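Asks: Numbering (the numbering used here), first residue to last: 117 to 571. Even for Gly, the Cβ is constructed at its ideal location relative to N, Cα and C. Because the structure is a prediction, the values reported are computed rather than measured. My questions all concern the structure below.
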Amino acid sequence: MMPLVCVSFSKTNVRHTVNMLVHFNAHLRGLFSHRCFIRTRNRPLTAIVGSQFKGARPAGSKMGRCVHTTGPRMAASVLSAEELFAKESLQRYLRRALAEYSECARAEARAGGERRADHGDEELRRRRRARATQLRPLVEQVRILEIKRKELEDIEALAKDDDPDIRQLAAAEKTACEEATRDLRRNILCLLVPVEMGDDSDLVLEVTAGVGGQEAMLFTAEMFDMYQRFAAFKGWEFETLEYTPSDIGGLRHASATVSGPQSYKTMKFEGGVHRVQRVPRTEKQGRMHTSTMTVAVLPQPTEITLNISAKDLKIETKRASGAGGQHVNTTDSAVRIVHIPTGVVSECQQERSQLKNKEKAMKLLRAKLYSLKLEEESSKRNQARKIQIGTKGRSEKIRTYNFAQDRVTDHRIGKTVHDVKSFLLGEELLEEMSQFLLQFSEQEALLDILGEDAD
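Laid out in structure tokens, this is it:
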């Protein structure tokens, strides 16, 4: 029998009472499509996982009233260049950029005619020149786009001519002009999207088994293999730094460096908690289990971007531990490095040589420190984004691999692809998911500049 829930009614708070009834009713009926939404203080409705409302904030926002809906959660969409250019906010932004560039040019021309200027004027001129230099590539593309727009109008007029030869020529010209227009729009959007610090970096990948015991470790091993195959698929270099296996072929923890063009930019959204739902091979009664593992993607800094003082490091050596091998527990080859100011620790025992282990441990430490630096700087900018760059410290569930339904769902954008086994091969399906995440992230950054919310 369904349990009875008593709710006292208040004439002055009818809406709240109705919301409470919807809340209880959804839970009691166990609706399959039930989704939970939160309301932050003085803000619109916000989905805990994914959003179908504007003004969404991440689940870490301060919780307020709880409202439930039985409607399906909508998947995020990536707008085309044409759809973005149809937005008045983008056109307004481009008009302001053109006006600002023209004003900088006029001010520079006026200042050039003056004989002397004090220090304050020189500083102002320097800032104007820097701003004009920053805007010039965008302005040039916008002006060319305007020329192409007028050309297209003339071509469309010719397409109505009585002469069939002229109409045929106009049709060919129209196709070429439209293609050039699409390229210009894409170029302009690329210029508007800010470049994220670290996007040109290589990366350090860390995987760690989470909840689920041996099954979680088996899934962690599969994920590590998937990323290794993905690196090969993209033509990147993959070097294992640390590998701690479990007793039955799983993986407790592992780390590796990935080097190649746009490697960090492509993989940075893999960081977070990955969940698998399947019947484990160790399960004798055929019950479905849920296990998790964590991925951290850390940008690999160069010597120029991060300087670490030797006096801030505590380096320890110890005998390697592990199964088998004549060199295990015979030499002090394992290296552990502690960064004293932050307490960040890295260690490596993968190689037989202490020097090689020290080099790899140092590489891992640099990546961890650089990631802390980037996360601190980007947290202010990206606080309202649906897609956050995941690190080991994050606890959000970002993706589910459901073997029974043969699907992989990314909860940040609501995107689902089918064929789990093909996805775990680390080829086209993972590439498709990575590119969609990257495109949606760039769209969010652009709409943030324009003062809009991503749908």
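#1: With DSSP run on the structure shown, which of helix, strand or coil describes Val451?
#2: Assign Met404 to buried or exposed, taking buried as 16 or more other Cβ atoms, counted over all protein chains shown, within 10 Å of its Cβ.
#3: Three-state secondary structure (DSSP) at Ala175?
#4: One question on the structure: do Ser371 and Val320 come within less than 8 Å of each other, judged by their Cβ atoms?
#5: Could you tell me the alpha carbon to alpha carbon distance between Pro310 and Leu562, rounded to whole angstroms?
#6: From this set, Cys464, Gly459, Ala436, Leu357, which residue's C-alpha is nearest Leu485's C-alpha?
#7: What does DSSP give as the partner residue(s) for Tyr359 in the beta ladder?
#8: Candidates Glu432, Cys306, Ala273: which alpha carbon is nearest Leu200's?
#9: With a 10 Å radius around its C-beta and 16 neighbouring C-beta atoms as the bar for buried, classify Leu254 as buried or exposed.
#10: For the beta strand (DSSP E) that contains Ser462, what are its first and last residues?
#11: Under three-state DSSP, which class holds Leu300?
#12: Just list the alpha helix (DSSP H) runs in the region 274 to 332, keeping only unbroken ones of 4 residues or longer that don't cross its boundaries, in chain order.
#13: Rounded to the nearest angstrom, what separates Ser177 and Thr532 at their Cα positions?
#14: Is the CB-CB distance between Met339 and Val323 below 8 Å?
#15: Can you tell me which of Arg397, Asp316, Glu386, Leu268 puts its alpha carbon nearest to the alpha carbon of Gln330?
#16: Buried or exposed, going by whether 16 or more other CB atoms sit within 10 Å of the CB of Gly402?
#17: Below 8 Å between beta carbons: does that hold for Gln378 and Ala483?
#18: Within a Cβ cutoff of 6 Å, which residues of the same chain sit near His369, ignoring the five residues on either side of it in sequence?
#19: My understanding is that Gly376 touches Glu355, with C-beta atoms under 8 Å, so please give their C-beta distance in whole angstroms.
#20: Which residues does DSSP list as the beta-bridge partners of Ile431?
#21: Kindly give me the distance between the Cβ atoms of Gln393 and Asn518, rounded to whole angstroms, as I take these residues to be in contact under 8 Å.
#22: So, with DSSP's three-state summary, where would you put Glu353?
#23: Looking at the unbroken alpha helix (DSSP H) that takes in Met409, where does it start and where does it end?
#24: In three-state terms, what does DSSP make of Thr398?
#25: Can you list, in chain order, the residues of its chain whose CB lies under 6 Å from that of Glu463, leaving out five sequence neighbours each side?
#26: Within 10 angstroms of the Cβ of Lys434, are there 16 or more other Cβ atoms? Answer buried if so, exposed if not.
#27: How would you call Cys249, buried or exposed, if buried means at least 16 neighbouring beta carbons within 10 angstroms?
#28: Evaluate Gln551 with the Cβ neighbour count: other Cβ atoms within 10 Å of its Cβ, from every protein chain shown; 16 or more gives buried, anything less gives exposed.
#29: Once the 5 residues before and after Leu206 are set aside, which same chain residues still bring their CB inside 7 Å of it?
#30: Let me make sure I understand the geometry here. Which of Glu239, Arg298, Asp277 has the alpha-carbon closest to that of Ile260?
#31: How is the alpha helix (DSSP H) around Lys381 delimited, first residue to last?
#32: Identify the continuous alpha helix (DSSP H) that holds Val536 and give its terminal residues.
#33: Could you check if Ser487 is buried or exposed, using at least 16 other CB atoms within 10 Å of its CB as the buried criterion?
#34: If Leu554 and Thr382 are in contact, beta carbons under 8 Å, what's the gap, nearest whole angstrom?
#35: Would you mind stating whether His455 and Leu429 have Cβ atoms separated by less than 8 Å?
#36: Run through the DSSP bridge pairs and tell me what Val524 is partnered with.
Replies: On the basis of the coordinates in this document:
#1: Numbered from its first residue, the sequence shown carries residue 451 at position 335. The answer is strand: DSSP assigns Val451 an E or B state.
#2: Numbered from its first residue, the sequence shown carries residue 404 at position 288. Exposed.
#3: Taking the first residue of the sequence shown as 1, we reach residue 175 at position 59. Any reading at Ala175 must be qualified, since the residue scores a pLDDT of 37, below 50, and its modelled position is unreliable; the value itself is stated next. Of the three classes helix, strand and coil, the one that applies to Ala175 here is coil, per DSSP.
#4: Position 255 of the sequence shown, counted from the start, is the residue given in the question as residue 371. Position 204 of the sequence shown, counted from the start, is the residue given in the question as residue 320. Their beta carbons are under 8 Å apart, which means Ser371 touches Val320 by this criterion.
#5: To locate residue 310, count along the sequence shown from 1; it is residue 194. To locate residue 562, count along the sequence shown from 1; it is residue 446. Between Pro310 and Leu562, the C-alpha separation is close to 8 Å.
#6: Translated into positions along the sequence shown, residue 485 becomes position 369. The residue with the shortest Cα to Cα distance from Leu485 is Gly459.
#7: Within the sequence shown, the letter at position 243 stands for residue 359. According to DSSP, Tyr359 bridges with Ala370.
#8: In the sequence shown, residue 200 corresponds to position 84, counting from 1. Answer by Cα proximity: Cys306.
#9: Counting from 1 along the sequence shown, the entry for residue 254 is found at position 138. By the neighbour-count rule (16 or more Cβ atoms within 10 Å), Leu254 is buried.
#10: Working through the sequence shown from its first residue, we reach residue 462 at position 346. Here the beta strand (DSSP E) through Ser462 covers 460 to 464.
#11: Residue numbering aside, residue 300 sits at position 184 when the sequence shown is read from its first letter. The answer is helix: DSSP assigns Leu300 an H, G or I state.
#12: 280 to 308
#13: The sequence position of residue 177 within the sequence shown is 61, counting from 1. The sequence position of residue 532 within the sequence shown is 416, counting from 1. Confidence in Ser177 is poor, its pLDDT being 37 and thus under 50, which makes the residue's placement unreliable; the coordinate value appears in the next sentence. Distance between the alpha carbons of Ser177 and Thr532 is about 25 Å.
#14: Taking the sequence shown and counting its residues from 1, the one referred to as residue 339 is at position 223. Taking the sequence shown and counting its residues from 1, the one referred to as residue 323 is at position 207. Cβ distance < 8 Å, so Met339 and Val323 count as in contact.
#15: Locating residue 330 in the sequence shown gives position 214, where the first residue counts as 1. When only C-alpha atoms are compared, the closest one is Arg397.
#16: Position 286 of the sequence shown holds residue 402. Gly402 comes out exposed.
#17: Counting from one through the sequence shown, the residue named residue 378 turns up at place 262. Counting from one through the sequence shown, the residue named residue 483 turns up at place 367. Contact flag unset, no.
#18: Along the sequence shown, one-based indexing puts residue 369 at 253. Around His369: Thr324, Thr360.
#19: The count along the sequence shown starts at 1 and reaches residue 376 at position 260. The count along the sequence shown starts at 1 and reaches residue 355 at position 239. Wrong, their Cβ atoms sit about 12 Å apart, outside the cutoff.
#20: Taking the sequence shown and counting its residues from 1, one reaches residue 431 at position 315. Ile431 pairs with Ile453.
#21: Numbered from 1 along the sequence shown, position 277 holds the residue referred to as residue 393. Numbered from 1 along the sequence shown, position 402 holds the residue referred to as residue 518. The Cβ separation is near 5 Å, so the contact holds.
#22: Stepping through the sequence shown from its first residue, residue 353 is reached at position 237. Looking at Glu353 - three-state DSSP - the assignment turns out to be strand.
#23: If you number the sequence shown from 1, residue 409 lands on position 293. Segment 405 to 416 is the beta strand (DSSP E) holding Met409; no alpha helix (DSSP H) there.
#24: For this step, residue 398 is matched to residue 282 along the sequence shown. Correct three-state label for Thr398: coil.
#25: Residue mapping note: residue 463 aligns to position 347 of the sequence shown, counting from 1. If we look at Glu463 and ignore the five residues flanking it on each side, its Cβ neighbours are Arg452, Ala477.
#26: As a first step, residue 434 must be located in the sequence shown, where it is residue number 318. Looking at its Cβ environment, which holds fewer than 16 other Cβ atoms inside 10 Å, Lys434 is exposed.
#27: On the sequence shown, residue 249 is found 133 positions in, with the first residue counted as 1. The sequence as given places Thr at residue 249; Cys does not occur at that position. Answer is exposed; the Cβ neighbour count stays below 16.
#28: Position 435 of the sequence shown, counted from the first residue, corresponds to residue 551. So Gln551 ends up on the exposed side.
#29: If you number the sequence shown from 1, residue 206 lands on position 90. Contacts found: Leu200, Leu566.
#30: Your numbering for residue 260 matches position 144 in the sequence shown. Measuring from the Cα of Ile260, the nearest candidate turns out to be Arg298.
#31: For the purposes of this step, residue 381 is taken as the residue at position 265 of the sequence shown. That run of the alpha helix (DSSP H) goes 379 to 383.
#32: One-based indexing of the sequence shown puts residue 536 at position 420. Start and end: 536 to 539.
#33: Position 371 of the sequence shown, counted from the first residue, corresponds to residue 487. Looking at its Cβ environment, which holds 16 or more other Cβ atoms inside 10 Å, Ser487 is buried.
#34: Here residue 554 refers to the residue found at position 438 of the sequence shown. Here residue 382 refers to the residue found at position 266 of the sequence shown. With a Cβ gap of about 7 Å, Leu554 and Thr382 count as contacting.
#35: Residue mapping note: residue 455 aligns to position 339 of the sequence shown, counting from 1. Residue mapping note: residue 429 aligns to position 313 of the sequence shown, counting from 1. Result yes, Cβ atoms of His455 and Leu429 sit closer than 8 Å.
#36: The residue you call residue 524 lines up with position 408 of the sequence shown. DSSP output for Val524 lists Tyr517, Val533 as bridge partner(s).
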